[in-house]
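Numbering (our numbering), first residue to last: 5 to 127. Structure first, commentary second.
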Amino acid sequence: SNETTRFIQEAAAKYGLDSRLVAAVAEAESSGNQSEVSDVGAVGVMQLMPDTAAGLGVNPYNMQGNVEGGTKYLREMLDTFGGDVKKAVAAYNAGPNAVKAYGGVPPYAETQNYVMSVLDIYR
């Protein structure tokens, strides 16, 4: 929606990210749908786990907060992995420890497919 796009652009500007990358993550996570809740309890546009959202200081049930939290987390992952988009996106899905343990995208089918789909949308 236009609202989702605006929140993505605002959050991307705030955290110094390409809004197209944030939008690609949102699309891969939830098709940009705030009412999406996964089997494991991830919530909203950016599919934040409630614990992760709390750590980021956002309410995942609020669309603007959800987008802001996911964008902030993506920024943290980019900083953790020296700006490597592929590793940052993998870490968004599988967690930074998995990416560190494998020195790159971990060998999980879900994460590999996720990274490919985000990068396809982004490019």
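From the three backbone atoms N, C-alpha and C, an ideal C-beta is built for every residue, glycine too. All values reported here derive from a predicted model rather than from experimental measurement.
**Prompt:** Do the segment 70-89 and the segment 42-60 touch if we need at least three Cβ pairs shorter than 8 Å?
**Reply:** The segment 70-89, when compared against the segment 42-60, does touch it at the 8 Å Cβ threshold.
**Asked** Taking all protein chains shown into account, do 16 or more other C-beta atoms lie within 10 angstroms of the C-beta of Pro7, making it buried, or fewer, making it exposed?
**Response** First, the amino acid is wrong: residue 7 is Glu here, not Pro. Per the 10 Å Cβ criterion, exposed.
**Item:** Cβ-based burial, Lys18 [other Cβ within 10 Å; buried from 16]
**Value:** exposed
**Message:** Mapping the DSSP letters down to three states, classify Val109 as helix, strand or coil.
**Reply:** Assignment of Val109 by DSSP, reduced to helix, strand and coil, places it in the coil class.
**Item:** Assigned exposure category for Gly36 - 16 Cβ within 10 Å defines buried
**Value:** Gly36 should be labelled buried.
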